[in-house]
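A.B. asks:
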Amino acid sequence: MSMSTHLPEPAVPKGPWSLFLDIDGTLLEHAAHPDAVVVSEELRMLLTQLEAQLDGALAFITGRPIAAVDHLFQPLRLRAAGLYGLEHRLARDGPVEAAVEPADIAALAKEIATELDNADVYIERKGPILAIHTRAAPHLLRRATRLVEQALDKLPAGYRVLAGNAGVELMPLEAAKGAAIRRFMQIPAFRGRRPVFLGDDTSDENGFEVVNELDGISVRIKPYGSTAAPFALAGVDAALAWLDGMSRRETVGTPAAMAK
């Protein structure tokens, strides 16, 4: 892991590349409540342009459910891994492989809501993932984390706790952004391309590690502390400016064209 104080900005990918994008804190500024973010028409146009330029090799890799992503970015229905890869849409406008909420997670959500009893804490039930957002009540982050960690003992094996910048999540072990990126890299639109992944939080680190293994470019947005990403961008505005610069480059050739 590198310390993130003076990481360089990402270089321009050489040859055919693919693009994986976290959403909150990367493309959109965080809000106190996940429903409070707004997608601009410019961002929709930028994503449409990049996806066309990359011959479809663009996917969201997010902790949000894909239904929530579609609602945000409508009418776009881009390729996506939702719930950290527990949901997938492998083709644009295609069907979503969904994940359901187990009864013990539903019960735990109610228990934690009663325990914290604070209107500024948002408890988000995302199928098998339980997310507690404390951005509007930062003083409760430690308590929320402790409650979730204690709950691990009562749940069946196979769950882990992921603490973030402004909240904590409980999720199945197989929920990992790196695994989602690997899955996309195996489908024809992405195969043979160099992966580029932009993310901003601890949940993105696993994705950075996989992209580094694949000789890709991993970029931490607004970094602090240590990160596996060798590149950084200062914040959402810098990330959007970098992506806009990429969209203005000449269209890169497909892997088949490059191999000739």
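Taking numbering that gives the first Met the number 0, I'd label the letters of the sequence shown as residues 0 to 259.
No residue lacks a Cβ here, since even glycine has one placed at the ideal position from N, Cα and C.
My guess is that Gly166 and Pro64 are in contact by the Cβ rule of under 8 Å, so how many angstroms apart are they, rounded?
C.D. replies: Position 167 of the sequence shown holds residue 166. Position 65 of the sequence shown holds residue 64. No, Gly166 and Pro64 are not in contact; Cβ-Cβ is about 16 Å, not under 8 Å.
A.B. asks: Pair every Cβ in the stretch 4-14 with every Cβ in the stretch 225-234, then say whether three or more of these pairs are closer than 8 Å.
C.D. replies: Yes, since at least three Cβ pairs between the stretch 4-14 and the stretch 225-234 fall closer than 8 Å, the two stretches touch.
A.B. asks: Judging by CA-CA distance, which residue of Ala175, Ala228 and Ile220 is the nearest neighbour of Ala238?
C.D. replies: As a working note, residue 238 is residue 239 in the sequence shown. Cα-wise, what sits closest to Ala238 is Ile220.
A.B. asks: Any idea if Ala255 is buried or exposed, counting beta-carbon neighbours within 10 angstroms, 16 or more meaning buried?
C.D. replies: Position 256 of the sequence shown holds residue 255. At Ala255 the pLDDT is 43, less than 50, meaning the model places this residue with poor confidence; the figure from the coordinates comes in the next sentence. So Ala255 ends up on the exposed side.
A.B. asks: Determine which residues share a DSSP beta bridge with Tyr158 and list them.
C.D. replies: Indexing the sequence shown from 1 puts residue 158 at position 159. The partner list for Tyr158 (beta bridge, DSSP) reads Pro171.
A.B. asks: Nearest to Asp236 by alpha carbon, out of Val160, Leu27 and Ala31?
C.D. replies: Numbered from its first residue, the sequence shown carries residue 236 at position 237. Comparing Cα positions, the closest option is Leu27.
A.B. asks: For Pro194, is the classification buried or exposed, using 16 other Cβ atoms within 10 angstroms of its Cβ as the cut-off for buried?
C.D. replies: For this step, residue 194 is matched to residue 195 along the sequence shown. Answer is buried; the Cβ neighbour count reaches 16.
A.B. asks: What residues match up with His132 in a beta bridge as DSSP calls it?
C.D. replies: Taking the sequence shown and counting its residues from 1, the one referred to as residue 132 is at position 133. Paired residues: Tyr121 and Gly166.
A.B. asks: Just how far apart, CA to CA, sit Thr253 and Phe196?
C.D. replies: Counting from one through the sequence shown, the residue named residue 253 turns up at place 254. Counting from one through the sequence shown, the residue named residue 196 turns up at place 197. Model confidence at Thr253 stands at a pLDDT of 46, short of 50, so the residue's coordinates are unreliable; what they give is reported in the following sentence. Going by the C-alpha atoms only, they are around 19 Å apart.
A.B. asks: For Val235, which three-state DSSP category applies?
C.D. replies: Within the sequence shown, the letter at position 236 stands for residue 235. Looking at Val235 - three-state DSSP - the assignment turns out to be helix.
A.B. asks: Can you give, in chain order, each stretch of the beta strand (DSSP E) that sits fully within the stretch 50-93 and has at least 3 residues?
C.D. replies: Here the runs fully enclosed are 57-60, 78-81 and 86-88.
A.B. asks: Round the Cβ separation of Leu213 and Met245 to the nearest angstrom and send it over; I've been treating them as touching at under 8 Å.
C.D. replies: To locate residue 213, count along the sequence shown from 1; it is residue 214. To locate residue 245, count along the sequence shown from 1; it is residue 246. Not a contact, Cβ separation roughly 19 Å.
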